[in-house]
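Under mature numbering (1 follows the signal peptide of the UniProt record, and there is no 0), the residues of the sequence shown are numbered -18 to -1, 1 to 506, in order.
Glycine included, C-beta positions come from ideal geometry on N, C-alpha and C.
Report on the structure given below.
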Amino acid sequence: MQSATQLTLLLCAAWAAALLYGEMGTYWAAHLSCSWPSASSSSPSPSNHVKVAVIADPQLMDSTSLSLPRGSLALQAAEFFTDLNMRRSFQSVVLPFKPDVVLFLGDYFDGGAYISDEEWQDSLFRFKHIFSMSEQRTNPHVPIYYLSGNHDIGYSAFHSVHPKVISRYEKEFGPRNFHFLSGKVDFVVVDAQTLDGGAKQSKERSSSWEFIKTLSAGNESNPKILLTHIPLYRPDNTPCGPHRSSPAINQRIYSAAMDQGIKYQNYLSKQTSDLLLGLLKPILVLSGHDHDQCTVAHSTPFGPVTEHTLGTISWQQGNLYPSFMLLSAGPRNSTDSSQEVLTNLCFLPKQTHIYIWYIFQFVVTVLLLMFWPTNGLSSLPYVNAFVSFMRSAGADMFPRSKEKDDAEDGDYEMVWDAEGSMHLVKKAATSPPTANSDSRTTGRGNVVARPTARKHQPEPDSSVHVEMGSETAPEDGGKAPRPSKWKIRTALQRLFRVVQSVAVIAVLNVPLYMMLLFKDWVDR
């Protein structure tokens, strides 16, 4: 019983350590493993650069995500744990870097273009809670910029029929085409969902291209970064670099009937991509939509242009390795072109792996409680043999001059008790035969000593014999219990011990887990 208690306490400590690391420590580790980019690994990030945190595709779950009815317990649980993970990532990993600007690359709600106004407002409330800046006390008024994504307004074939989704988006997140200056870099935001279309020239498509052409004819003294939710065109099977965790996705474009616009596309068309690069001449392109990391270089007449497609920040959107980007833009008076824009891709905790570890640890906990010996590991034969071997090896390596006690010189035998546990029991010592002769005397001086005659009495046996209940009849003459009943009784006892120990572990660790959950969910 004492051994089972010690095991339960040890498992309690193991669960507390796992919960503290999985719910808190892993986010600290993710923050410490990343830093603002610098020109070289040996030099720190320039302090006068404008620091931008870039996040892509949070895509909050809603009634369109898992085909579950709105308000169902399963959907609410999925929403809570997904929202909590993103809130921890943003509050514990991204914000401690103290960015000057936060940039979102689109797709804020999973069914943003299709859900009702009531559910859309509910998703908006959750989004503001997850990515709240209220805890950024050093600079709570950090500017935040938003791109529109296909999950926010749909593609051209959809929002041309439902223009309400565009007005609903612009009311909360601002215009779909705009630019802003950060440091000496001009960030150009375009609504990629309206750039490709059918034969019909929509109002949204016309306004997007007019905005792009206006920028191309303007001041070109500042370097530009193109921000588009849908990535630019790339040939099929283009390598995406070492950070890609899934196979590359090739181009797919689905058009509505009668050339009424695009219904879905993985990348912008080649013609649109070339026109964008030619008009804006960006030094860097940032995109989302793919949910996985991808870095490609586009060939242009003015030189190669790198495009970083960011992975999603959510662990529920098909990417086991969620991420975000830290971007550093040079100051306005900078003349060093090599440090105009620096980027660093940062990875967030692998929430799926954390939950898998919890499941594995639970299985190991139950197995240990079920099969742990009643008298501890010392009752196992191989453990005793190992301990005896180590003791003999230690005695050979470090001999002691102390004379052995008579109790140590003896043979031992293995005896099993009724529960199947083994014990080492000392055998009875066999004394060497001595010749007793009454005629033999020993003398010293005038004193004569004769051995007194003693009755032959058997030596007391120092061994302990444990009689098996299945082999010996009880003294009252009753019948011995059957082996099957004994096994059932033993199994029930072990099951009761498992339930009891699991209850103790839960009582001590569930409050800790709940505290860790709501510590990060409630605004401080």
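In the three-state DSSP reduction, V489 falls in the helix class (H, G or I). The three-state reading of DSSP puts I231 in coil, since its state is none of H, G, I, E or B.
The alpha-carbon separation between H335 and H144 amounts to approximately 40 Å.
One alpha carbon belongs to S251, the other to T210, and they sit about 13 Å apart. The count of Cβ pairs closer than 8 Å, one atom from the segment 281 to 290 and one from the segment 237 to 247, stays below three, leaving the stretches out of contact. In this structure T291 touches S269 by the C-beta definition: roughly 5 Å separates them, less than 8 Å. A distance below 8 Å between beta-carbons, with the five flanking residues on each side excluded, links P40 to the following residues of its chain, in chain order: M68, F86, D89, Y90, F109, I112, F113, T294, I295, S296.
Per DSSP, reduced to three states, the secondary structure at A11 is helical. R216 and L477 have their alpha carbons spaced roughly 60 Å apart. Counting only the Cα atoms, L(-9) lies some 16 Å from T356. For T356, no alpha helix (DSSP H) encloses it, and the DSSP letter there is neither H nor E. Nearest to L259 by alpha-carbon distance, out of H225, V170, T325, N248, is V170. Distances from the CA of Y495 to each of A(-2), V348, N159 were compared; the closest alpha carbon is that of A(-2). Around the beta-carbon of H141, 16 or more other beta-carbon atoms lie within 10 Å, marking it buried. Just measuring C-alpha positions, the residue of F329, I470, Q175, S190 sitting nearest V76 is F329. F193 sits away from N219, with the two beta carbons spaced by 7 Å or more. Runs of the beta strand (DSSP E) spanning 3 or more residues and lying entirely within the segment 68 to 111 occur at 83 to 86, in chain order. In the DSSP annotation of this structure, the continuous segment of the beta strand (DSSP E) that includes H290 starts and ends at 287 to 293.
The C-beta distance from L214 to Y249 rounds to 7 Å, short enough to meet the 8 Å contact threshold. By the criterion of a C-beta distance shorter than 6 Å, S47 is surrounded in its chain by D92, once the five residues flanking it on both sides are discounted. In terms of Cα proximity to D502, the closest of V480, L129, L66, V346 is L66. A distance below 7 Å between beta-carbons, with the five flanking residues on each side excluded, links L197 to the following residues of its chain, in chain order: H161, V170, L262. Residue range 244 to 247 is occupied by the beta strand (DSSP E) that includes Y246.
Straight across, the Cα-Cα distance linking V34 with I135 is about 25 Å. Between T176 and S116, the C-beta gap is not smaller than 7 Å, which leaves the two residues out of contact. DSSP places C(-7) inside the alpha helix (DSSP H), whose first and last residues are -17 to 2. If you draw a straight line from the Cα of I341 to the Cα of N30, it is about 47 Å long.
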